[in-house]
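Just below is one structure, and these are the notes that go with it.
Numbering (my numbering), first residue to last: 68 to 199.
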């Protein structure tokens, strides 16, 4: 898959390919943490281009898993390199995204999307590490 410095995009196959009636996927294997956040986003849900400073350890780097759905990913690193691609996850794959601090990124939800976010710290809506 296409990528730029500061962004990882991986398509992950199920770890149990013999039983696709209940596919199981491993994201961020070996990375320890305290919280996984589940986000459900309807098609067209607004999401602004933003970046993280890294003051929140959960955003250095930010780890997101697209579990089900289709989205347009846009990212731009500090070298001016851009990534603009459609990603899709479902029964046969999930998409793992890793954004380093300072990388501007946005997801445009093209369908209902189910997303997991791996967090080193509990979510605190009053102390968001998000800049526009």
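Think of the CB as a built atom: it goes at the ideal place given N, C-alpha and C, for glycine as much as any other residue.
Owing to the predicted nature of the structure, the values given are computational and were not obtained by experimental measurement.
In this structure, DSSP gives residue 122 a state outside helix and strand, which the three-state scheme calls coil.
Residue pairing of residue 151 in beta bridges, as defined by DSSP: 141.
Contact between residue 161 and residue 94 holds: CB atoms are separated by about 7 Å, below the 8 Å threshold. Residue 189 sits exposed, since fewer than 16 C-beta atoms from the chains shown fall within 10 Å of its C-beta. When DSSP states are grouped into helix, strand and coil, residue 157 belongs to the strand group. In the structure shown, the three-state DSSP call for residue 169 is coil. Per DSSP, reduced to three states, the secondary structure at residue 130 is strand. In the structure shown, the three-state DSSP call for residue 111 is coil.
Here residue 186 carries a strand assignment [DSSP, helix/strand/coil]. Around the beta carbon of residue 185, 16 or more other beta carbons lie within 10 angstroms, which makes this residue buried. Here residue 82 is not near residue 170, since their CB atoms are 7 Å or more apart. With distances taken between CA atoms, residue 193 lies nearest to 123 out of 152, 136, 139, 123.
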